[in-house]
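S.K.:
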Amino acid sequence: MKKVIASALCVVMATAMFAGCSKDSSKSDSKTINLWAFTDEIPGMADKYKELHPDFAYDFNVTVVATDNGGYQSAIDNALQAGGKDAPDIYAAEAAFVLKYTQGDMAQFAAAYEDLGIDVAGKTKEAEIAPYTIDIGTRPSDGKVVGLGYQATGGAMIYRASIAEDVFGTSDPAEISEIVGGGSGSWDKFFDAAAELRAKGYGIVSGDGDIWHSVENSASYGWVKDGKLQIAPEREAFLELSKELMDNDYHNDTQDWQEGWFADMNGTGSKGIFCFFGPAWLINYTMGENGPDTAGDWRVGVAPVGFFWGGTWVLASKYAAEADDAKKAAIADFISWITLDSSETGLQYLWANGLMNDAGTKDCVASGKVMAISDGSCDFLGGQNMFEYFVPANANASGARLTQYDETINNLFRDQVRQYTSGQKTKEQALDDFKSAVAEATGLEIA
Amino acid sequence: MNNKKSVSYTKYGYIFSIPFVLAFLVFQLYPVLYTVVIGFTDLQGVATTEFHFLKNPLENFIKILSTNGAGSFRLSLRNTILLWGLNFVPQISLALLLTAWFTDTRTTIKGQGLFKVLFYMPNIITAASVAILFGALLSYPQGPLNSLIGSFRGDDYKAINFLANKNFTRFIVAFIQFWMWYGNTMVMLIAGVIGISPEIFEAAEIDGANRRQTFFKVTIPCIRTILLYVLVTSMIGGLNMFDIPKLIADGGPDGATGTTALYIYKQAFSGGYMYNKAAAASIIMFVIIMLLSMLLFYILRDKDEEALKKAIKREKKAANARR
Amino acid sequence: MSEQKLRTKSQDNLILKIIVYIVCIFLSILSIMPFWIMAVNSTRASADVQSHPIAFWFSTHLMDNFKVFEGKTFEPITGFINSAIISVSATILAIYFSCLTAYAVTAYEWKLRDGFFKFIMAVMMIPAQCTMIGFFQMVYKMGMANNLLMLILPSIAAPSMVFFMRQYLQSSLSMEIVQSARIDGAGEFRTFNSIVLPIMKPAIATQAIFTFVGNWNNLFTPMVLLTKADKYTMPIMVSLLRGDIYKTEYGSIYLGVSLTVLPLIVVYLLLSKYIVAGVALGSVKG
Chain A
36 MKKVIASALC VVMATAMFAG CSKDSSKSDS KTINLWAFTD EIPGMADKYK ELHPDFAYDF
96 NVTVVATDNG GYQSAIDNAL QAGGKDAPDI YAAEAAFVLK YTQGDMAQFA AAYEDLGIDV
156 AGKTKEAEIA PYTIDIGTRP SDGKVVGLGY QATGGAMIYR ASIAEDVFGT SDPAEISEIV
216 GGGSGSWDKF FDAAAELRAK GYGIVSGDGD IWHSVENSAS YGWVKDGKLQ IAPEREAFLE
276 LSKELMDNDY HNDTQDWQEG WFADMNGTGS KGIFCFFGPA WLINYTMGEN GPDTAGDWRV
336 GVAPVGFFWG GTWVLASKYA AEADDAKKAA IADFISWITL DSSETGLQYL WANGLMNDAG
396 TKDCVASGKV MAISDGSCDF LGGQNMFEYF VPANANASGA RLTQYDETIN NLFRDQVRQY
456 TSGQKTKEQA LDDFKSAVAE ATGLEIA
Chain B
8 MNNKKSVSYT KYGYIFSIPF VLAFLVFQLY PVLYTVVIGF TDLQGVATTE FHFLKNPLEN
68 FIKILSTNGA GSFRLSLRNT ILLWGLNFVP QISLALLLTA WFTDTRTTIK GQGLFKVLFY
128 MPNIITAASV AILFGALLSY PQGPLNSLIG SFRGDDYKAI NFLANKNFTR FIVAFIQFWM
188 WYGNTMVMLI AGVIGISPEI FEAAEIDGAN RRQTFFKVTI PCIRTILLYV LVTSMIGGLN
248 MFDIPKLIAD GGPDGATGTT ALYIYKQAFS GGYMYNKAAA ASIIMFVIIM LLSMLLFYIL
308 RDKDEEALKK AIKREKKAAN ARR
Chain C
26 MSEQKLRTKS QDNLILKIIV YIVCIFLSIL SIMPFWIMAV NSTRASADVQ SHPIAFWFST
86 HLMDNFKVFE GKTFEPITGF INSAIISVSA TILAIYFSCL TAYAVTAYEW KLRDGFFKFI
146 MAVMMIPAQC TMIGFFQMVY KMGMANNLLM LILPSIAAPS MVFFMRQYLQ SSLSMEIVQS
206 ARIDGAGEFR TFNSIVLPIM KPAIATQAIF TFVGNWNNLF TPMVLLTKAD KYTMPIMVSL
266 LRGDIYKTEY GSIYLGVSLT VLPLIVVYLL LSKYIVAGVA LGSVKG
């Protein structure tokens, strides 16, 4: 037993040393910038930045915490509140929770871009940054920009050319957009097309989640108004849209981000699926990865109801603004390189043209100036230049309907919609349960 | 001399308890007190640190206990009890049955060592991995289980969305809990039985007790203390059930697997970040668990020991009176 | 007459045995399945796993799945070392001090004993979800985030283990042995280390497995408290693989999960002899 005690003590000592040592190593480093993110995306940019700027005097101390179970938000909230040398200097926030950090409860910990020495007004104008990116990144308490995104996430309809040929006799983007009522702001023609597709044994979308982002973003107002829950008529109508898709067997009834959804991208679902709705990132990061068998068969057209979906914003913390001038300048340089640099060496140009990785993944970016000089043709779309459709689609993006409760409320809403469409509840009951669940989860009053 | 020494032993009771108490004071006292205090305040919102005590100190508790709709605490308490019952009854039954089989001195089961080792195995996978596996198994519209059923039913089989069905999701959560924990319960029960002297079993056999009698009249009473442990910890674990309901369907569908632990978590870490309600709900759960544990302790109390204690007390009193 | 009785008895025995084996083999298959599928899937290409999540035979993409780790925050060796430091230390501390505490509340008569035991039980009943907020806050305020000690030292106070050890001691510790050790002149601390702890071996083995597994698999607390890549544990790294929002590398996730569970299986098999062999408690007389 002595051995056990001895080894126990050894372990404790070793751990203490372990912990002690590593503390020392990071203490002396004022030459590091703490960078927090929820994927490897921004850390990858940091590597690229250092590669392009060999004289950059700082090292990035990268922290990546997954968004699983709200882990990222818990960790970063605690770290921001605690401050000190480990506090994040630069951090990322995703569209689902960005408002919490730019306008909501955590906005007090963000630094205004201009306080870092960035000429926000001038540069956003010069780079023609998409206005919604700025809106979402602007802190209401002082009207200053605290975060900007590098992507533009306006959404389009991404459809299968072969199915279009088979059913509508054409795969031309302009004609197909016309057939589904692209840009009409109404779902009527879309459902007519769905009936035609069904007659030939196809589904129009994979699941009701595919049209949800359109519905969510085209609502006349967001979930919350004056501290009360409001259900916009467009969102309430989603119950019926979803039910119609279900009852007429217009889809494969999949849920987004689950196996069945991915299978439909690859054309291996129970029936062929005509289209998906999404921004440029959905094509390259999700559909491209999951649809090797259908690559080249996709085209981009105009969605019936405009929308935007997702995006990542970059913020600096108030601790960054309190740092010495040299560090502050370094942080400012890096952030502007990501969010505001519209030159051909800026991140956004590299990002849009697929120069960031070997796979050549292209994406839409926030700067209109960069988009104008970029080429969005990709093999997955049979060589089509996707920017032709995504650039106008970006005009649909707006931060006006976002609230900091969206993630929670959307999940509750879609859960109840599924109850209704699967016939387990009446519409009234589903709405009532939705309201009381929201009241429980958010503390909001029910209007 | 003897007397003197026996007096000095008592201090070791205190000394040996110091590490536990210290660790508790350093690491747990603050969080516990914080929770208790917050339960009576208006603390809400992510970055808020300032809070005020409510005019009606029980406001949070009343709010929690008075609502009964979707997503409410009362609904999640009902779910928790249902899910616990669904998994615990089969779990303890199977564990006892296996214990009886494996500790039977009359019929030796060959390979029982291997079985014991295997039965515990589901417990060493993380809940997250278990959730991935079951999610894959049940996936919809195409998935292994659906295609299996489809191969029996023929072509007109319409795939079932298992995890959209409230009762099925409850069943699957309960089944996973059962499957992950019966081995654990069995291992503890067997550890208890191993502690019983073999002589007792020999005596029982000589007295002509059959298998069933031996198990119920000898084994069970001898492992009563371990049984109490199993019951109390299973109850606490069951009422705090979190991982599996969270990972399988995030408490859904329609809140069907929303347990109280999940309720507390969601109140504190999402939506409105209502720490005060989370804290109050924690306190309520603590009280419920404590009451139920006391009940179990009472039911499974050692009557002989209690009688002995009473007798000792009486004697002491009598001795004092004599003095 | 007695012969007939014997025969039915042995027939009974046979039937019982058949039932036992059928049930046990069925349960064994249920136990092995997930491990098998995890191992198989870690050798399959992500796209295959996605379209057919369950397969029963190995494929050839193990190295491809390994390569995915390169671009990610997944370093099996760092993760293994961190997880091992936390789990081993926490388990040893929890075991030793729980035995000590349990011995204190079983072997000695002291005034506050019953009260103290009730207190331990009450600590056990505190729901974990809510005290986490206070604990995280405390750790960050003390500047002890990213310190592995914060995940190790709290295990000194492990109420449910104290409870188990106490229950075990109550049924298997005889004070006569302690008395005879005292007569031999052993100090109390020595008696505990050299007499009582060995008696508790089966209980220690089972509890050691539970605690080790629990600590090794713990995700949420480490995820919030350890934010530096060089402090990440295995489960945190797996969660990062899963957390990539754009695409999911199923093959490498299964590989990560398999790598995480491998050390557990080793530890488990090492300790399992105590569960299996049914260590006879030589020193205990009923």
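Residue numbers (my numbering), protein chains in the order written: chain A, 36 to 482; chain B, 8 to 330; chain C, 26 to 311.
Glycine included, C-beta positions come from ideal geometry on N, C-alpha and C.
1) For C:Ala109 and chain B, any beta-carbon pair shorter than 8 Å?
2) Can you find a C-beta in chain B that's less than 8 Å from the C-beta of C:Pro223?
3) Taking the alpha carbon of C:Ile177 as the point to measure from, which residue in C:Ser112, C:Ala254, C:Val74, C:Pro184 has its own alpha carbon closest?
4) Would a check of beta-carbon distances place A:Pro327 closer than 8 Å to chain C?
5) I want to see whether chain C comes within less than 8 Å of B:Phe289, judged by CB atoms only; does it?
6) Can you check which of these residues, A:Ala146, A:Ala165, A:Asp154, is closest to A:Arg174 by C-alpha distance?
7) Alpha carbon to alpha carbon, how far is A:Trp258 from B:Ile69? Give it in angstroms, no decimals.
8) Give me the residue from A:Gly238, A:Phe226, A:Phe311 with the minimum Cα distance to A:Val335.
9) Just reading off the alpha helix (DSSP H) that A:Trp348 is part of, what are its end residues?
10) Using a Cβ-Cβ distance cut-off of 8 Å, determine whether C:Leu280 contacts chain A.
11) With a Cβ-Cβ cutoff of 8 Å, do B:Tyr19 and C:Ala129 count as a contact?
12) Ends of the beta strand (DSSP E) at A:Tyr194?
13) I need the straight-line Cα distance from A:Lys58 to C:Ser114, nearest angstrom please.
14) Could you run through the stretch 124–138 of chain A and flag, in chain order, every residue whose CB is less than 8 Å away from some CB of chain B?
15) Quick one: grab the DSSP three-state call for A:Val100.
16) On the three-state DSSP scale, how would you describe A:Phe311?
17) Could you tell me which residues DSSP pairs with A:Glu480 in its beta bridges?
18) Applying the 10 Å Cβ sphere with the 16-neighbour rule, what's the burial state of B:Leu82?
19) Note down, in chain order, every chain B residue with its Cβ under 7 Å from the Cβ of C:Thr246.
20) State the Cα-Cα distance for the pair A:Glu251 and A:Arg449, rounded to the nearest angstrom.
21) State the Cα-Cα distance for the pair B:Asp163 and B:Tyr147, rounded to the nearest angstrom.
22) Excluding the 5 residues flanking B:Leu105 on each side, which residues of the same chain have their C-beta closer than 6 Å to its C-beta?
23) Compute the distance between the beta-carbons of A:Val473 and A:Leu466, then report whether it is under 8 Å.
24) If I follow the unbroken beta strand (DSSP E) through A:Tyr84, where does it start and stop?
25) Taking B:Thr240 as the query, report the chain C residues whose CB atoms sit under 9 Å from its CB, ordered along the chain.
26) Apart from the five residues just before and just after B:Thr56, which ones in its own chain have a Cβ nearer than 7 Å to its Cβ?
27) Check each candidate in C:Ile43, C:Gly104, C:Thr252 and name the one with the smallest Cα separation from B:Ile116.
28) If the cut is a Cβ gap below 7 Å, which residues of chain A does B:Ala77 touch?
29) Count the other C-beta atoms from every protein chain shown that fall within 10 angstroms of the C-beta of A:Val46, then say buried if there are 16 or more, exposed otherwise.
30) Hey, is the stretch 165–174 of chain C in contact with the stretch 199–208 of chain C, meaning 3+ C-beta pairs nearer than 8 Å?
31) Name the chain A residues that come within less than 8 Å of C:Asn240, Cβ to Cβ?
32) Name the chain C residues that come within less than 9 Å of A:Val250, Cβ to Cβ?
33) Using a 10 Å radius around the Cβ and a threshold of 16 neighbouring Cβ atoms, would you call A:Ala234 buried or exposed?
34) Give a yes or no on whether 8 Å exceeds the smallest Cβ distance from C:Ser35 to chain B.
35) Return the residues of the stretch 190–216 of chain C that lie within a Cβ-Cβ distance of less than 7 Å from chain B, sorted by chain order.
36) Which partner residues does A:Ala145 have in the DSSP bridge list?
M.R.: Reading it off the structure:
1) Taking the third sequence and counting its residues from 1, one reaches residue 109 of chain C at position 84. Cβ-Cβ to chain B under 8 Å: no for C:Ala109.
2) One-based indexing of the third sequence puts residue 223 of chain C at position 198. No, no contact with chain B.
3) On the third sequence, residue 177 of chain C is found 152 positions in, with the first residue counted as 1. Comparing Cα positions, the closest option is C:Ser112.
4) What you label residue 327 of chain A is simply residue 292 of the first sequence in a count that begins at 1. At least one chain C Cβ lies under 8 Å of A:Pro327.
5) Along the second sequence, one-based indexing puts residue 289 of chain B at 282. Rather than Phe, the amino acid found at residue 289 of chain B in this sequence is Ser. By this cut-off, B:Ser289 is an interface position.
6) In the first sequence, counting from the first residue as 1, residue 174 of chain A sits at position 139. Closest option to A:Arg174, Cα to Cα, is A:Ala146.
7) Here the question's residue 69 of chain B lines up with position 62 in the second sequence. Here the question's residue 258 of chain A lines up with position 223 in the first sequence. When rounded, the separation of the alpha-carbon atoms in B:Ile69 and A:Trp258 is 27 Å.
8) The residue you call residue 335 of chain A lines up with position 300 of the first sequence. Of A:Gly238, A:Phe226, A:Phe311, the residue nearest in Cα terms is A:Phe311.
9) Within the first sequence, residue 348 of chain A is the residue found at index 313, counting from 1. From DSSP, A:Trp348 is part of no alpha helix (DSSP H) but of the beta strand (DSSP E) over 347–351.
10) Counted from its first residue, the third sequence places residue 280 of chain C at position 255. Chain A contact via Cβ: absent.
11) Locating residue 19 of chain B in the second sequence gives position 12, counting from the first residue. Locating residue 129 of chain C in the third sequence gives position 104, counting from the first residue. Yes, the pair counts as a contact, with Cβ atoms nearer than the cut-off.
12) Taking the first sequence and counting its residues from 1, the one referred to as residue 194 of chain A is at position 159. 191–195 is the extent of the beta strand (DSSP E) around A:Tyr194.
13) Translated into the one-based positions of the first sequence, residue 58 of chain A becomes position 23. Translated into the one-based positions of the third sequence, residue 114 of chain C becomes position 89. Note that A:Lys58 has pLDDT 38, beneath the 50 cutoff, so the model's placement of it is unreliable and no number is given.
14) Lys135
15) Here the question's residue 100 of chain A lines up with position 65 in the first sequence. Looking at A:Val100 - three-state DSSP - the assignment turns out to be coil, as it is neither helix nor strand.
16) Taking the first residue of the first sequence as 1, we reach residue 311 of chain A at position 276. Three-state result, A:Phe311: strand.
17) Locating residue 480 of chain A in the first sequence gives position 445, where the first residue counts as 1. A:Glu480 is bridged by DSSP to A:Lys263.
18) The sequence position of residue 82 of chain B within the second sequence is 75, counting from 1. Buried.
19) Counting from 1 along the third sequence, the entry for residue 246 of chain C is found at position 221. For C:Thr246, none of the residues of chain B pass the 7 Å Cβ criterion, the least Cβ distance being about 12 Å.
20) Within the first sequence, numbered from 1, the residue matching residue 251 of chain A stands at position 216. Within the first sequence, numbered from 1, the residue matching residue 449 of chain A stands at position 414. The alpha-carbon atoms of A:Glu251 and A:Arg449 are separated by roughly 11 Å.
21) Residue mapping note: residue 163 of chain B aligns to position 156 of the second sequence, counting from 1. Residue mapping note: residue 147 of chain B aligns to position 140 of the second sequence, counting from 1. Cα-Cα distance, rounded: 16 Å.
22) What you label residue 105 of chain B is simply residue 98 of the second sequence in a count that begins at 1. So the list reads Met193, once near-sequence residues are dropped.
23) Taking the first residue of the first sequence as 1, we reach residue 473 of chain A at position 438. Taking the first residue of the first sequence as 1, we reach residue 466 of chain A at position 431. Not a contact, by the Cβ cut-off of 8 Å.
24) What you label residue 84 of chain A is simply residue 49 of the first sequence in a count that begins at 1. Taken as a continuous stretch (DSSP letters only), A:Tyr84 belongs to no beta strand (DSSP E), being part of the alpha helix (DSSP H) at 76–87.
25) Counting from 1 along the second sequence, the entry for residue 240 of chain B is found at position 233. Per Cβ cutoff of 9 Å: Met149, Ser185, Phe188, Phe189.
26) Taking the second sequence and counting its residues from 1, one reaches residue 56 of chain B at position 49. Cβ neighbours of B:Thr56 beyond the five flanking positions: none.
27) If you number the second sequence from 1, residue 116 of chain B lands on position 109. Taking only the C-alpha atoms, the option nearest B:Ile116 is C:Ile43.
28) As a first step, residue 77 of chain B must be located in the second sequence, where it is residue number 70. Chain A residues near B:Ala77: Asp468, Ser471, Ala472.
29) Mapped onto the first sequence, residue 46 of chain A falls at position 11. Note that A:Val46 scores a pLDDT of 48, beneath 50, so its modelled location is shaky and nothing firm can be said.
30) Because the criterion of three Cβ pairs below 8 Å is not met, the stretch 165–174 of chain C and the stretch 199–208 of chain C do not touch.
31) Stepping through the third sequence from its first residue, residue 240 of chain C is reached at position 215. Near C:Asn240 there are no residues of chain A at all, since even the closest Cβ is about 13 Å away, more than 8 Å.
32) Translated into the one-based positions of the first sequence, residue 250 of chain A becomes position 215. Within chain C, no residue has its beta carbon less than 9 Å from that of A:Val250; the closest one is some 21 Å off.
33) Residue 234 of chain A sits at position 199 when you count from the first residue of the first sequence. Counting the other CB atoms within 10 Å of its CB gives A:Ala234 a total below 16, which places it among the exposed residues.
34) The residue you call residue 35 of chain C lines up with position 10 of the third sequence. No - not a single Cβ of chain B is within 8 Å of the one on C:Ser35.
35) Gln192, Tyr193, Gln195, Ser196, Ser197, Glu213
36) As a first step, residue 145 of chain A is located in the first sequence; it is residue number 110 there, counting from the start. In the DSSP output, where bridge partners are listed per residue, A:Ala145 has A:Ser352.
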